[in-house]
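Our numbering puts the first residue of the sequence shown at 4, with every later residue one more than the last. The next block holds one structure in the form of structure tokens; read it before the comments.
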Amino acid sequence: MTKEELITLVKNLDEDSLKEQGIFGIYQYGGGPDESSIKANKEGLQLFALELLKASENFENKTLGNHKKIIDLNYDENWIDKNSHIFINFIEHSSKEETIINEEQIENFIDKLFPYGCGAIFILIGFSILLGLIQILDFIISLFKT
Numbered sequence: 004m005t006k007e008e009l010i011t012l013v014k015n016l017d018e019d020s021l022k023e024q025g026i027f028g029i030y031q032y033g034g035g036p037d038e039s040s041i042k043a044n045k046e047g048l049q050l051f052a053l054e055l056l057k058a059s060e061n062f063e064n065k066t067l068g069n070h071k072k073i074i075d076l077n078y079d080e081n082w083i084d085k086n087s088h089i090f091i092n093f094i095e096h097s098s099k100e101e102t103i104i105n106e107e108q109i110e111n112f113i114d115k116l117f118p119y120g121c122g123a124i125f126i127l128i129g130f131s132i133l134l135g136l137i138q139i140l141d142f143i144i145s146l147f148k149t
């Protein structure tokens, strides 16, 4: 989307009428941030999208030297549900090069020892079962000898 298209789209939305009717909130319904949801009406979603569009419009203009670009969101408005669990205050610029790639985990001593420990436990269990069966057979044979 070009900057001109973005500016036109932002100007075409009637922000004042949306603010009168809009409600928007982000809620965490479970134990972690991966268990979150948005509770909003149509106008609230449009207002939140409008804030994101405004932020993307200003993203190229906000340069802070060598520092990261940060765009503040107008998240302190009446259309934001005050009971919302999560508030997004700003957007920080990130480029694709900055994404952290999970490096392979370096194996430590315990990681190397784990398969041997599991193998030893299975051998011990197998040996115990074999000894138990031998004892049971020995007991049954001794019953018939008497």
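Where is the CB? At the ideal position from N, CA and C, for every residue including glycine.
So, with DSSP's three-state summary, where would you put Asp-75? Working through the sequence shown from its first residue, we reach residue 75 at position 72. Of the three classes helix, strand and coil, the one that applies to Asp-75 here is strand, per DSSP.
If we count Cβ pairs, one from each stretch, closer than 8 Å, do we get three or more for the region 34-51 versus the region 80-90? yes
Would you give the residue range spanned by the alpha helix (DSSP H) that Lys-6 belongs to? As a first step, residue 6 is located in the sequence shown; it is residue number 3 there, counting from the start. Counting along the chain, the alpha helix (DSSP H) containing Lys-6 begins and ends at 6-15.
In or out: Gly-122 buried (at least 16 other Cβ within 10 Å) or exposed? Taking the first residue of the sequence shown as position 1, residue 122 is located at position 119. It counts as exposed.
So Glu-46 and Gln-24 are supposed to be a Cβ contact under 8 Å. How far apart are they, rounded? On the sequence shown, position 43 is the one that residue 46 refers to. On the sequence shown, position 21 is the one that residue 24 refers to. Separation of the CB atoms of Glu-46 and Gln-24 is rounded to 4 Å, and the pair is thereby assigned contact status at 8 Å.
Which two residues bound the contiguous beta strand (DSSP E) that contains Lys-42? Residue 42 sits at position 39 when you count from the first residue of the sequence shown. Element bounds for Lys-42: 39-43.
From the DSSP secondary-structure annotation, give me the bridge partner or partners of Tyr-30. Walking along the sequence shown from the start, residue 30 turns up at place 27. Ser-40.
Can you tell which of Leu-12, Ile-94, Tyr-119 and Phe-117 has its C-alpha closest to the C-alpha of Lys-72? Numbered from 1 along the sequence shown, position 69 holds the residue referred to as residue 72. Taking only the C-alpha atoms, the option nearest Lys-72 is Ile-94.
Among the candidates Lys-22, Ser-145 and Leu-116, whose CA atom is the shortest distance from the CA of Ile-83? Mapped onto the sequence shown, residue 83 falls at position 80. When each option's Cα is compared against that of Ile-83, the closest is Lys-22.
What separation, rounded to the nearest whole angstrom, lies between the Cα atoms of Tyr-32 and Leu-116? Translated into positions along the sequence shown, residue 32 becomes position 29. Translated into positions along the sequence shown, residue 116 becomes position 113. Roughly 40 Å between the two C-alpha positions.
Alpha helix (DSSP H) segment containing Glu-23, residue limits: Counting from one through the sequence shown, the residue named residue 23 turns up at place 20. If you look at Glu-23, you'll find it in the alpha helix (DSSP H) that goes 18-24.
Distance, Gly-129 Cα to Lys-148 Cα: Taking the sequence shown and counting its residues from 1, the one referred to as residue 148 is at position 145. Taking the sequence shown and counting its residues from 1, the one referred to as residue 129 is at position 126. Their backbone Cα atoms lie some 29 Å apart in a straight line.
Beta-carbon contacts of Ile-26 that lie in its chain and below 7 Å, excluding the five residues immediately before and after: In the sequence shown, the residue the question calls residue 26 occupies position 23. Once the five neighbours on either side are set aside, the close Cβ partners of Ile-26 are Ala-43, Asn-44, Gly-47, Trp-82 and Asp-84.
For Phe-142, does the count of other Cβ atoms within 10 angstroms reach 16, so buried, or fall short, so exposed? Here residue 142 corresponds to residue number 139 of the sequence shown, with the count starting at 1. So Phe-142 counts as exposed.
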